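Remarks on the structure that follows.
Numbering (the working numbering), first residue to last: 1 to 63.
Next up, the structure:
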């Protein structure tokens, strides 16, 4: 069974609809699909930022 949450999006509907408005397929997605895509994009950004801050991901050059 899928995990479900109730989310208050008051004041966000227009921003959600315009997030990827340059992509014609975006307008065909349901609100739930748009929210899922935005969540995934946000998570990927956070994970990428976290990985780039780990000491093992930065290389040191010895002189």
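Glycine included, each C-beta is placed from N, C-alpha and C at the ideal position. Computed from a predicted model, the values in this text were never measured in an experiment.
Sorting 18, 26, 2 and 35 by C-alpha distance to the C-alpha of residue 8 places 35 at the top.
Per DSSP, the continuous alpha helix (DSSP H) segment holding residue 38 begins and ends at 31–53. By the CB criterion at 9 Å, residue 19 and residue 26 fall inside the cutoff.
The residue from 21, 39 and 54 with its alpha-carbon nearest to that of residue 5 is 39.
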